[in-house]
Every structure is written in structure tokens, then in C-alpha cells.
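Peer 1: Protein chains in written order, with my numbering: chain A, 13 to 455; chain B, 13 to 455.
In this text, a Cβ means the ideal position worked out from N, Cα and C, and glycines have one as well.
(1) Cβ of residue 188 of chain B within 8 Å of Cβ of residue 222 of chain B?
(2) Which partner residues of residue 359 of chain B appear in the DSSP bridge assignment?
(3) Round the Cβ separation of residue 301 of chain A and residue 135 of chain B to the nearest angstrom and send it over; I've been treating them as touching at under 8 Å.
(4) Which residues, in order along the stretch 281–294 of chain B, keep a beta-carbon less than 8 Å from a beta-carbon of chain A?
(5) If you drop the 5 nearest sequence neighbours on each side, which residues of the same chain put their C-beta closer than 7 Å to that of residue 371 of chain A?
(6) Along the chain, where does the beta strand (DSSP E) containing residue 166 of chain B start, and where does it finish?
(7) Name, please, each residue of chain B whose Cβ falls closer than 8 Å to the Cβ of residue 99 of chain A.
(8) Go ahead and pull the three-state DSSP assignment for residue 138 of chain A.
(9) Can you find at least 3 beta carbon pairs, one from the stretch 429–442 of chain B and one from the stretch 69–89 of chain A, that sit closer than 8 Å?
(10) Say yes only if the C-beta of residue 288 of chain B is nearer than 7 Å to one or more non-hydrogen atoms of the ligand COA, and no if none qualify.
(11) Please work out which residues of its chain come closer than 8 Å, Cβ to Cβ, to residue 283 of chain B, disregarding the five sequence neighbours upstream and downstream, and give them in chain order.
(12) With residue 123 of chain B as the anchor, note down where its beta strand (DSSP E) starts and where it stops.
(13) Would residue 444 of chain B pass as an interface residue toward chain A - the criterion being a Cβ-Cβ separation below 8 Å?
(14) Tell me whether residue 266 of chain A is buried or exposed, calling it buried when 16 or more other Cβ atoms sit within 10 Å of its Cβ.
(15) Report the neighbours of residue 414 of chain A on chain B: residues whose CB is nearer than 7 Å to its CB, in chain order.
(16) Does the Cβ-Cβ distance between residue 151 of chain A and residue 133 of chain A come in under 8 Å?
(17) What does a CB cutoff of less than 8 Å around residue 264 of chain B pick up in its chain, not counting 5 residues either side in sequence?
(18) Determine the direct distance from the alpha carbon of residue 321 of chain A to that of residue 355 of chain A, and round the result to whole angstroms.
(19) Does the distance from the C-beta atom of residue 304 of chain B to that of residue 170 of chain B stay below 8 Å?
(20) Do you know whose CA, among B:177, B:312, B:214 and B:450, lies nearest residue 394 of chain B's CA?
(21) I'd like to know if residue 193 of chain B contacts chain A, where contact means its C-beta is closer than 8 Å to some C-beta of that chain.
(22) Look at residue 234 of chain B and residue 311 of chain A and say whether their C-beta atoms are less than 8 Å apart.
(23) If you measure from the beta carbon of residue 77 of chain A to each beta carbon in chain B, is any gap under 8 Å?
(24) What in chain B is Cβ-close to residue 175 of chain A, meaning under 7 Å?
(25) Relative to the C-alpha of residue 110 of chain B, which candidate in A:227, A:193 and A:225 has its C-alpha closest?
(26) Pick from B:308, B:81 and B:224: whose alpha carbon is nearest that of residue 56 of chain B?
(27) Which residue comes first and which comes last in the beta strand (DSSP E) that contains residue 395 of chain A?
(28) Answer yes or no: does any C-beta atom of chain B fall closer than 8 Å to that of residue 320 of chain A?
(29) Is the shortest distance between the beta-carbon of residue 439 of chain A and the beta-carbons of chain B less than 8 Å?
(30) Consult DSSP for residue 232 of chain B and reduce its assignment to one of helix, strand or coil.
(31) Interface residues of chain B around residue 139 of chain A at Cβ under 9 Å?
(32) Output the residue ranges of the alpha helix (DSSP H) runs that lie fully inside the stretch 205–230 of chain B and measure 4 residues or longer, sorted by chain position.
(33) Exposed or buried, what is residue 375 of chain B when buried is set at 16 or more other beta-carbons lying within 10 Å of its beta-carbon?
(34) Pull up the distance between the alpha-carbon of residue 123 of chain B and that of residue 141 of chain B, whole angstroms please.
(35) Please list, in chain order, the residues of the stretch 227–251 of chain A that have any C-beta partner in chain B closer than 8 Å.
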């Protein structure tokens, strides 16, 4: 393998790969190909855990040093689960042969011909450096889509990362605490305790469900009077849980509409302000929290790549997940940032995870991905929690909504958790929530 | 009870106590005295939990809505325990008859004659209001003392609250992550991985102990090469654990000095910069983290009170904890912000907790505290963890250091935790740390 010393764009001298003191592991790694994975989400992490270590020397570049179990993220926004109960440190998930093979950094630029990716450290913005690869896998995921609505970035909360969940939790608790203070008018109380969710996909619906549980199970006990002023609005332009079967959609809709404090609003948001949102029909709705869960947008790294993309700006890949634009056949993309042109798959955790496993296998078996069989995806099903111990489950065999689906929802995710530390902690969190209530501390 | 409408200093109209809709609970509370507690630390929280609800209508004003089990705070800085495993939401600790009896606010000014305390909301800075009391208990605790050393506030970390612990944890992990990145010089690596603790009291020593465990048990596995560059310096001007018996002090000192990566530095810090500290002998020490645990300083509310204080600016109280300056005998002070002039007690959690219980009892038994018997304090002992499953224990019956003391340390704190939720979670955290290692995610 070639050792290069490159000068990154901003002039920082950046050394690729290993420093001299690590000569033994280097000689070993010479036989192995260098596989660089961008991202530690569902796609990147599953690839990283499943790749054959004997054939590849793995380097991971990610702006966060943990893997996040996103299907349970909504549960952490109200304390049903604790934040650290649903993450795995990347360094535990994969025993790197060299600790310098994980980079807490963001990819900024890619040179397909030089087989080099430029990164910027998340810890020291001036530290930019290049990493050379034999194979590169782009699994950087996507951002939340604001659809250009003014004020979203400034005033709304997304629900993609743990920091988002933490901010939402603090805001909900703060609003209740502020609502009981002297000098706060009844009108302001109503505004503070109106929680708005934009987007009726699984994220929005599940967040609404958790919020409903939190209010009916905990806040009603702690703030018995203020809870009368609580209102939750779920705003969706077309229909909620659009990927689900109609029977299940109706079930979920009915559940939400039956709830006194909850409302399904058909509409489109045109502006977000500090304390209000404005709908397209110009109606102004005061609110104390806006959670924006309205779709995906490309990351700036993906935008920067001058390669073929679809309308959603996803990278086009073939059925072996190879980047269509790459002349050398050594760059792959998977998960939310990519699209298999011949066989598009939904942008879900399940797809990304399976693509990661597929690629791990095909890279291990076929040194040249040209000969690898195309990936086939068949969904094992979809689940969404709708609150009050009820969920909807759409499986290949059957579709149903209710308490049984909720049991399935909990047990399915419990078994999918990546390690025993989490599989121990998550049921304990559930137990504590059930018996002692959720922690309402704000810090 | 008089209902007043007062205009706070900044002109906000602020209504005292209850809004009209709550007329029933008000009529009940008319028979009871209004006890206002400032603070939710050891003193305020123990008073709040033990006070007779039939005699007093309790109002709590605190800048945080949880009680923090401070003796285990150092364990959260490295993830031995999780943050929420050592806190109790105030609203769970006391079932308030009216949810508006807890204020997430800070006391700003006190009018002894009008029996009124002015508060500023922590959630809306412009919201200032007055609260009237029959009895007032000042239990606001203290701040960390910078001793006027330049740069401490800007660059050092204190260890008083959960936010401090969280910031320290993120900094330690970040420094390790940065140390493995390309372009970081060996000299910078040494700087990043030099952790400095200023102050050899129990806080400093226990933080050092936890840090040592973290490095030797977790980081040595995850960062096997970088760990060689780690250095921990404990800077103390006189002697560590000065409140302990000499035998135990020597034991702790020896433990620390035996450790390859740890160093006891006799000295005084004169300046703190971003990446270095300067000692009084002008020696400059590069470092990546400074934890400042060097003593207590008064809060601005205590400073603002024009009443007799001691040299450390603590409020002088008599042996029944009544504020000496209060002509009406209705203001009390306890914990770190106070000093019993005739019988000074150390500024510890144990003292504050006992004072809270004493006051709860004496207020319930004697409507006029003049007749209450003075408080007697006899320490049940002191414990400090020194790392590597070793602790020092100074009990009335015996003094010893070692593994047995560590078992005592863990079991003593476990039984002192305030509720079953914590008593369940803390051993689980210990179990997870022992078997799976600490979570090294940064977020």
C-alpha cells in the first residue's frame, strides 16, 4: 500500500494513516485492502461489524463515535428510555486493530481518481486531512428536510440524533415548569403547552405516541391543572403512516383522533417562528414546541459530489451497490444517501442494515464486486408505536393493530439491540418507567 | 394568610402564590404556615422531605428541578454511573399539594421586614416575582471558589452539578479521539492527555480515582498506544484529604504516588489558560483538562444579604439554625451557605442533610424556634474512594483503608440513595461497568 503525505486544501499538513511507531500492524495490513467507511449509522455500522477482518483493514470516518438505535429514539425524548440505553460506542462494536482507524471527523471531498477522501476533524476544525482507500463505502445518511420553510432550522427541533432528543426533552419539561410560574398568563400557558409535530411518518407518529404517554402517565400526576391546557397537533399534508396498509393507517388515525388532547391537522406549514407556526392557509398557531419530522434531504458531502444522482439527490448505485459514476468500481454507497436505480428501496433502517450486511458478504466473497450477485430486499415487516400500549404491525403474514402489536414492537426491537449491555438496560428502563414514572429532571 | 400583588423590580407584574382557579387548596393552606425553602440540595431537600405537611405549606425555589446525590457525582464524569442514576426529580421527592409550589427560579433579593423573597425565573429571565413567607429557609449552597485565579472560570471545569460532570466526560473522550487523528503532533498528544486536578479534598481525590479507573480499565483497551502518554496531576498546596486521619492520608497519598501515570504536585496554581496552567513558581504545564475542586465561595444571593457573616461570607446562624440578623425569628439557614457561630460544622453533605432533618423536626414541634433545643452534630464518619477498588474510611470506631473500605463505601452510598429507582439503577450501572466497560460515546 502506498504511503502518502498530502497537503489538504486549507494547507494543514496531514499524514495519511499510521504514524511510524505502529510498524507491526502496518506490515500485516499490507496484505489486506483498506476499506474506508463513511458513517456509523445503520448501513455503515452493520457493514463494519460484519466485514471480514482478514481481508480488509477497516477505517471508519463518522461525525459521532457511537451507533444510534434510531427506532427507539422517540422513546428517549420523554424519558421512557434513557439516552445511553440505545447507543453503542463504535469502538466497542468493532475491535479496531489500530485505534487510529476510527476518525471522529466528517468527509468533505472525494477524489475518485486519486482514491482519496478528505476529512475535517469534528474536534479541531482546522485539522483537515486525506485518507486513501482501496474500497470506499459512502453511508453518510441524510439530513432532515426543511423543504425551504423559513424558520425551521432556527426554531424547530429535528429528531435524528441523541442531541435532538435531549433538546426536545428539556424543552417539554421547561415548558411545563414555566407554565406554573407566577406572572405567566393563561394565554401563554396554552401556547407553552401546545406541542406541534410536523410530518406523519413513523418518526412523527411515534414521537406523538411517546408524548401522549408522557403527558397522560406522568405530567397529569405532576401538573394536574396545567395538563388541561395541553394540546398536541400532528400536522400532515396527506396521510399518516403512508407506507402502511390502509387498515393500519385507519387504526392509527382513529387512535389519535380519539384522544382528547390530540389532533390530526391536514395542512402544510409555511413558516416557523419562535412561538408560532403559520400554515399555508395563513392561520397562525401559537405553540411551545415544533418537532420537524418531514422527510430527508442530502448531506453537503453528497451534494458536493459531481456524480449522477436522482431527483432527491441520492447517489445512484447499481444492484451491487457500486456507485454508478465510479470508473474504478471501488466506491459503494448504501442507506439513505443512496438509491438503487433499478430497484429502489425505502429509506429505512432495515434497508440500510441489510445493505451493510450484503456488502460485507459480497466484498468478502468477491474481490471484484462486478461478479457479486445483485442484492435482493424483502421487508421483514414494519412496526410503529401509536401510544397507550398500542402499535401497528405490518408483516408479510399478517397486518394488525393493538396491544399484541405493541408486545411485538417491544420484543422485536429488544432482540434487535446490538449487545447485551443494551438488552439488559432497555427492559430495566421500561420497568422503571412503568413502576416509578419517567425522570422529569431538566439539566 | 395575606394575599399580595407585588410589582417586582423590573416592573413585571408578579402574582404571589396561587392563581384564582385554585381556591380549594388555598382555603386549606390558610391554616398552615407558608414555609419557603431556597435550594434543592442536601439541606433543602432533606428538610422538604421530612417537614410535617399538616403544619406547613411548603414552597421550594431552586435553579434546578432535581436533587443531586453529590457523593457519587465523580463517578458520572467517566461513566461508572450514568447521569440520571444519581438524581431525583424534586417533584417526585415531595408530592406538592399544588404544582405551582415548586419554582424553577433563583432567589435574588430578600426583604426581612416584608417577609418577602424576590425570585428570577430560570426559564424566562424577564420574569421576576415575589414570594411571601411565614418561615424562610436559605439552603442555597455555595459555588466553587476560584480564589481570584485568572482563567479558572473560562478554562477550568468545576465539579458541582451534572452539567459539569457531563462537560468533563465529553472533554476526556474528545481529547482521546483528537489524540489519534492525523496531523496531531506527539507534543500535542501529550498535552491533550495530561489531566490536571486542582485541589486535594475528597472531590479532587475521588475524581482522580475515577479517572484512573477509566484510563486503566477502559481507555487502555481502546487506546492502547495513546494511553502511554496519559498523565494525571493532582495539585494541592498543603495535603490531600486534610479532614482525614493522618494514617488514612498517608494511605491515600501512597496509593496515588504508586501509580505510574499519576503524580501529586505540591504547588499553587496562579493562572489557567486554554492549554496550560501556570504555577506560582512560574512553571508552565501543558494540559488538556483542568478540574477545579479547590473550595467554596458564596453565591451572589448570599453576598447580596446585608446580614452578619463570617470571613468565608457564610450566613451566621444560632444553634437552632436561625439567621442571627433576623429580628422576627422566621429566617433560617443551613448547609454550605451557613455557619453555626457557636459550633461550626464542616461544609459537607452529611451536615446539610442532618441540619435539614433537624429543622424539619424542630419546626414541626416548636412553632417558635426560640424554644427548640440546639442542634448537636456527631459525624457518622467519612469515606473517600481512591481508585482501583480501594477507599479510605474514617469511622468513630475505626479508621482503615483498602478493599474493605471500598465495599463499605459502595454499600453506604447505596443505602443512602433516596429511592428505589436509584437503588435499582446504581448497582446495574456498576454491574455494566464491571462486565461491559464504560460507555465512551460523546454527544
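Peer 2: In short, the structure shows the following:
(1) no
(2) Answer by DSSP bridge pairing: none, since residue 359 of chain B is not bridged.
(3) The Cβ separation is near 13 Å, so there is no contact.
(4) none
(5) Annotation for residue 371 of chain A: 59, 149, 333, 344 and 346 place their beta carbon closer than 7 Å to its own, counting only its chain and skipping 5 residues before and after.
(6) Unbroken run through residue 166 of chain B is the alpha helix (DSSP H), 164–167; no beta strand (DSSP E).
(7) 451, 453 and 455
(8) coil
(9) no
(10) Summarising the ligand content, the structure contains no ligands, and the ligand COA is consequently not present.
(11) 161, 162, 163, 289 and 290
(12) 114–123
(13) yes
(14) exposed
(15) Near residue 414 of chain A there are no residues of chain B at all, since even the closest Cβ is about 30 Å away, more than 7 Å.
(16) no
(17) Excluding residues within five positions, the ones whose Cβ falls inside 8 Å are 217, 252, 253, 256, 396, 398, 404 and 413.
(18) 15 Å
(19) yes
(20) Looking at B:177, B:312, B:214 and B:450, the one whose alpha-carbon comes closest to that of residue 394 of chain B is B:214.
(21) For residue 193 of chain B, the answer is yes, since a Cβ of chain A falls inside 8 Å of its Cβ.
(22) Contact flag unset, no.
(23) yes
(24) 455
(25) A:193
(26) B:81
(27) Here the beta strand (DSSP E) through residue 395 of chain A covers 394–399.
(28) no
(29) no
(30) helix
(31) Those within 9 Å of residue 139 of chain A in chain B are 190, 193, 194, 195 and 196.
(32) Fully enclosed alpha helix (DSSP H) runs of 4 or longer: 214–226.
(33) buried
(34) 13 Å
(35) 234, 235, 236, 237 and 238
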